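See below for the structure under consideration.
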Amino acid sequence: MREPDGAGAGAGRLHDAAAQLLRANWRSGRAADGTQYGYTRPDPAKYPDQFLWDSCLSAVAWSHVEPARARRELRTLLAAQRADGHIGHTVFWGGPVRLSRALGYNVVHRRDRATATIQPPLIAWAWAEVADRSPDDPGFRTEGLEGLRRYHAWLERERADADRLLGILQPDESGLDATPAYDGPLGWRAHPRPGFLALLRFNRRRGFSYRRVVADGGFHATDVLVNTGWALAWEAMGRLGEPGAQARSAEIVEALVAHLWDERDGIFHPRGPRGERLRVATWAGLAPLILPGLPPEIRRRLVDEHVLRAGRFAVPFPVPSVSVQEATFRRRHTGWPIRRYWRGPSWIFSTRFVIDGLLAAGRTEAARDLARRTEALVLREGFREYYDPFTGAGMGGRAFSVSAMALDCRARVRAL
Ligand code: GLC
Numbered sequence: 021m022r023e024p025d026g027a028g029a030g031a032g033r034l035h036d037a038a039a040q041l042l043r044a045n046w047r048s049g050r051a052a053d054g055t056q057y058g059y060t061r062p063d064p065a066k067y068p069d070q071f072l073w074d075s076c077l078s079a080v081a082w083s084h085v086e087p088a089r090a091r092r093e094l095r096t097l098l099a100a101q102r103a104d105g106h107i108g109h110t111v112f113w114g115g116p117v118r119l120s121r122a123l124g125y126n127v128v129h130r131r132d133r134a135t136a137t138i139q140p141p142l143i144a145w146a147w148a149e150v151a152d153r154s155p156d157d158p159g160f161r162t163e164g165l166e167g168l169r170r171y172h173a174w175l176e177r178e179r180a181d182a183d184r185l186l187g188i189l190q191p192d193e194s195g196l197d198a199t200p201a202y203d204g205p206l207g208w209r210a211h212p213r214p215g216f217l218a219l220l221r222f223n224r225r226r227g228f229s230y231r232r233v234v235a236d237g238g239f240h241a242t243d244v245l246v247n248t249g250w251a252l253a254w255e256a257m258g259r260l261g262e263p264g265a266q267a268r269s270a271e272i273v274e275a276l277v278a279h280l281w282d283e284r285d286g287i288f289h290p291r292g293p294r295g296e297r298l299r300v301a302t303w304a305g306l307a308p309l310i311l312p313g314l315p316p317e318i319r320r321r322l323v324d325e326h327v328l329r330a331g332r333f334a335v336p337f338p339v340p341s342v343s344v345q346e347a348t349f350r351r352r353h354t355g356w357p358i359r360r361y362w363r364g365p366s367w368i369f370s371t372r373f374v375i376d377g378l379l380a381a382g383r384t385e386a387a388r389d390l391a392r393r394t395e396a397l398v399l400r401e402g403f404r405e406y407y408d409p410f411t412g413a414g415m416g417g418r419a420f421s422v423s424a425m426a427l428d429c430r431a432r433v434r435a436l
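Under the numbering used here, the first residue of the sequence shown carries the number 21, and numbering increases by one thereafter.
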């Protein structure tokens with residue numbers, strides 16, 4: 021089935037290739053407790069389980085192909101919600117986590133149905149995006165509100181600090197597992213160095229409770245991407261019809277700017293366990309560009325001084341996960357035998373966070389160019405997990421669902 025968008029042969033090819041990928045990666049069945057599930061494996065060979073933010077982004081990609089599956093994906097995510105409102109970073113529908121992985125996973129007990137940790141909370145955002153493309157199922161828009169409210173209440177209760185921003189207790193909660201932003205405070209415990217297991221054991225002993233970890237002096241941070249997702253989630257709750265949600269989103273954007281915007285560097289930086297700024301320019305520092313309520317001057321600086329600046333994030337195959345000028349920047353993954361991710365290569369869906377900022381800043385041609393490059397890269401190299409920012413060579417997983425977000429990036433600029 022082709023999109024009736026008249027966008028030409030390239031667009032048709034992208035649509036068909038993305039549809040084929042998503043269909044091949046789909047998994048459905050019945051869990052041991054009788055729950056029916058259906059979700060997109062991030063990569064069938066590498067990541068067979070349901071990962072929270074991959075699932076949200078896959079649902080958005082599905083919404084351009086088969087909105088019914090997008091809705092099924094998000095309903096499945098909500099079906100994994102615990103009674104207290106929490107939704108895990110990874111959900112193991114097919115049975116408990118493999119024994120070989122149990123030690124390195126964020127589970128309290130091996131038989132847990134999901135990890136006890138979080139990932140960027142994009143569910144409400146994905147829900148609103150999918151609802152916008154669900155004219156055939158108008159009830160979908162409000163059907164998830166109850167679960168989403170409980171999810172947000174859990175995050176507020178368990179993770180919000182005095183600055184009203186959410187805290188993380190492990191770097192993988194940011195979605196960017198081995199990001200160099202946390203090298204400083206983590207040192208030998210950085211993901212996935214041997215000390216990471218010690219960090220995990222420390223957190224597991226505390227039931228992965230953020231409050232207990234903070235009270236006992238463990239690693240914790242205020243992450244830019246997680247809080248961008250948090251502001252976006254509340255903005256989306258407004259689109260889903262939740263009263264007061266827009267105001268809540270505006271408050272979070274204000275807190276994000278007050279605490280994580282770095283006036284000196286013109287980019288957002290996370291804060292470490294002592295409240296210190298962690299000054300490494302990564303893609304996460306640009307992610308607030310997706311927020312409609314970002315102050316225009318901040319948007320302008322992010323675009324001019326970083327996104328479009330050669331030697332920083334402007335490379336032949338954007339958006340690199342780390343600014344090229346950083347000492348820690350590497351074009352490829354590093355680490356053996358376990359790879360260290362998010363230290364330089366480009367992930368396709370990062371583009372989606374940047375495009376809206378370019379559009380809001382009036383840089384329409386730059387937004388179009390970014391979407392075109394993303395589409396061309398995927399058509400040339402396939403749906404790989406990440407790419408060399410200078411040559412475009414694909415690396416990592418070979419059938420990576422979330423790279424189908426190239427379709428959504430194209431949709432953002434198509435109507436212009
Ligand atoms: C890697 C990524 C993480 C993603 C997962 C599945 O661990 O760092 O963000 O959710 O793979 O794709």
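Glycine included, each C-beta is placed from N, C-alpha and C at the ideal position.
All figures in this text were calculated on a predicted structure; none of them were measured in a lab.
Check                                                                                                                                                                                      : Outcome
Spatial neighbours of L309 within its chain, please: CB distance less than 7 angstroms, with the 5 preceding and 5 following residues excluded, ordered by chain position.                 : R319, L322, F373, V374, D376, G377
Determine the direct distance from the alpha carbon of R297 to that of L185, and round the result to whole angstroms.                                                                      : 15 angstroms
Alpha carbon to alpha carbon, what distance is there between L196 and A301?                                                                                                                : 13 angstroms
Have a look at the DSSP bridge pairing and note the partners of T302.                                                                                                                      : V342
With a 10 Å radius around its C-beta and 16 neighbouring C-beta atoms as the bar for buried, classify A304 as buried or exposed.                                                           : buried
Do F222 and G207 come within 7 angstroms of each other at the CB atom, strictly closer than that value?                                                                                    : no
Could you name the residues of the same chain whose beta carbon sits closer than 8 angstroms to that of G440, not counting the 5 residues immediately before and after it, in chain order? : The question about residue 440 has no answer, for the chain in this structure spans 21 to 436.
Using only CA atoms, which one of E262, H279, A218, H240 lies nearest to T248?                                                                                                             : H279
Hey, which residues come within less than 5 angstroms of the ligand GLC, measuring from Cβ to any heavy atom, in chain order?                                                              : P62, Y67, F71, D74, G195, D197, Y361
Measuring CB to CB, does T242 end up less than 7 angstroms from G187?                                                                                                                      : yes
Considering only DSSP beta bridges, list what R297 is partnered with.                                                                                                                      : R291
Of the residues G382, R400, R350, which one's Cα is nearest the Cα of R33?                                                                                                                 : R400
Quick one: measure Cβ to Cβ for R360 and A198, integer angstroms, because I've assumed they're closer than 8 angstroms.                                                                    : 4 angstroms
Anyone know if the C-beta pair for H240 and L175 falls short of 7 angstroms?                                                                                                               : no
How would you label Q345, buried or exposed, when you count the other beta carbons within 10 angstroms and need 16 or more for buried?                                                     : exposed
What are the boundary residues of the alpha helix (DSSP H) that includes S78?                                                                                                              : 72-82
Enumerate in chain order the residues of its own chain whose CB-to-CB distance from A330 is below 7 angstroms, with the five nearest sequence positions on each side excluded.             : none
Do the segment 137-151 and the segment 63-79 make contact, defined as three or more Cβ pairs closer than 8 angstroms?                                                                      : yes
Helix, strand or coil for D25 per DSSP?                                                                                                                                                    : Note that D25 scores 43 on pLDDT, short of 50, meaning its location in the model is unreliable and no value can be drawn from it.
Whole angstroms are fine: how far does the CA of L311 sit from the CA of T371?                                                                                                             : 14 angstroms
Report the rounded CA-to-CA distance for G28 versus G402, giving the unit in angstroms.                                                                                                    : Model confidence at G28 stands at a pLDDT of 49, short of 50, so the residue's coordinates are unreliable; what they give is reported in the following sentence. Near 19 angstroms, if we compare the C-alpha coordinates of G402 and G28.
How many whole angstroms separate the CB atoms of A256 and L276, which I take to be in contact at a CB cut-off of 8 angstroms?                                                             : Not quite, the Cβ-Cβ distance comes to about 16 angstroms (not below 8 angstroms), so this is no contact.
Over what stretch of residues does the beta strand (DSSP E) that includes W46 continue unbroken?                                                                                           : 46-50
CB F112 to CB D69, shorter than 7 angstroms?                                                                                                                                               : yes
With distance defined between alpha-carbon atoms, name the residue in G382, G49, T96 nearest to E317.                                                                                      : G382
Buried or exposed for E405, going by 16 or more other Cβ atoms inside 10 Å?                                                                                                                : buried
Please confirm if the segment 52-69 is in contact with the segment 420-427, defined as three or more CB-CB distances below 8 angstroms between the two stretches.                          : yes
Measure the Cβ-Cβ separation of A67 and T96 and say whether it is below 7 angstroms.                                                                                                       : This sequence places Tyr at residue 67; Ala is not what is there. Not in contact: Y67 and T96 (Cβ atoms no closer than 7 angstroms).
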